[in-house]
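Below you'll find the structure, written out as structure tokens, and then a few comments.
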Amino acid sequence: MGASFEGMEGMTGSLSGVAVSATTEMIFADRIDLPFVTIDDPSGNPIAGQRIDLATFPLGNWRADWYSWLVLTEFVGLNWQNFELRPAWAMAGWNSPAAKPMVAGEIDGLVIAAQDERADALGEIVSQADGFISYFLDLLTAPNGYPNTARILTIANLVAGFCAMYYKGEYKRPRPTMLCPALMSPLPMPGHASFPSGHATQAHLMSLCMQDVLAGRPQLPTMTNDMDALAVRIARNREIAGLHYPSDSDAGALLAGKIHVLLNSLLTNANSWYKKALDSAVAEWQP
């Protein structure tokens, strides 16, 4: 099996989006009586005496999940904590007089979705619960041989999840199943607040970042439409599952756009971890 990809709910049932590695949990056996380090090369020289003169850890050797944390260390210095994501009707609170009819309408829509769409969507709902980077790679026809593209998607996944969690803590919206228990999601209720949708934020940011990677390439118009459609579908599946309101998904898309602007501000620094990652991903798509 190839690389492992985690989504918003992947780390102990909550925020994740960081694992991308073909070598995660892999263990290499060695012999007890003849450890590899003790043998000779074909010329009869001990391999333990061989040395490589290497001054720095190579950029390509950073695993995608750990590299994404390097970008996060750059991102946290930007102005990402002052966005307003709530719709006008929610400004006074989720159970304010203005909000109650809107929330009731959203719940009614989720009930209909559970009745009419959940059984059909269940396979995707479960498959995307803990990871969906692989969906983007498959859509891009890039499941293998595009490690820097996978790295960009992993960066988008982590940064979006990080920001979404911050705003979940700010807005503290109850999950739909907390208001309408009969929705009874097929997945365990995540242990964090509902607004904005982390899946929506991550999926839409992946699409935006990949549009930068494909800029100038002939496949950009088609892939933009396809990736945006995939992002909407991933977010919608969370609604069908009873885990998010439509306004959560809308806020996730809004937040993704704002994060994207901030990430692109890092491109002015030639030594930025994000710029290096984006440049490497762009190079993979050159003819």
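Sequential numbering of the sequence shown, starting at 0, is according to numbering that gives the first Met the number 0. Note that the Cβ used here is the ideal one computed from N, Cα and C, for glycine as well. No experiment lies behind these values; they were computed from the predicted model shown.
Quiz prompt | Among GLY215, PRO185, ALA163, the one whose alpha carbon lies nearest that of GLY286 | solution = Reading off the sequence shown, one finds Pro at residue 286, where the question assumed Gly. GLY215 is the residue among GLY215, PRO185, ALA163 whose C-alpha sits nearest the C-alpha of PRO286.
Practice problem: Using a threshold of 8 Å, state whether the C-beta atoms of ILE258 and CYS179 are closer than that. | Solution: Not closer than 8 Å, so no.
Quiz item: My guess is that MET188 and LEU242 are in contact by the Cβ rule of under 8 Å, so how many angstroms apart are they, rounded?
Solution: Between LEU242 and MET188 the Cβ distance is about 7 Å, and since that is below 8 Å, they are a contact.
Exercise. Report yes or no: do three or more beta-carbon pairs, one from the segment 48-55 and one from the segment 226-240, lie closer than 8 Å?
Key: Touching, no.
Quiz item: Anyone know if the C-beta pair for LEU71 and VAL212 falls short of 8 Å?
Solution: With respect to VAL212, LEU71 sits apart: the two C-beta atoms are not nearer than 8 Å.
Quiz item: DSSP three-state call for PRO86: helix, strand or coil?
Solution: In the structure shown, PRO86 sits in coil (DSSP, three-state: anything other than H, G, I, E or B).
Practice problem: Please decide whether ALA192 counts as near chain B, where near means a Cβ-Cβ distance under 8 Å. | Solution: Included in the structure is just one protein chain, with no chain B present.
Practice problem: Please classify VAL75: is it buried, with 16 or more other beta-carbons within 10 angstroms of its beta-carbon, or exposed? | Solution: It is exposed - the Cβ of VAL75 has fewer than 16 other Cβ atoms within 10 Å.
Quiz prompt | Beta bridge counterpart(s) of PRO45 as assigned by DSSP | solution = Under DSSP, PRO45 forms a beta bridge with ASP39.
Quiz item: Does DSSP put THR148 in a helix, in a strand, or in coil?
Solution: The answer is helix: DSSP assigns THR148 an H, G or I state.
Exercise. Check whether the segment 114-125 touches the segment 89-101, counting contact only when three or more Cβ pairs, one atom from each stretch, lie closer than 8 Å.
Key: By the C-beta criterion, the segment 114-125 is judged not to be in contact with the segment 89-101, since fewer than 3 inter-stretch pairs fall below 8 Å.
Quiz prompt | Inter-residue spacing [alpha-carbon to alpha-carbon] between GLU116 and ARG235 | solution = Each residue's Cα considered, the two are about 10 Å apart.
Self-check item: DSSP three-state assignment for GLY197, whether helix, strand or coil
Solution: The answer is helix: DSSP assigns GLY197 an H, G or I state.
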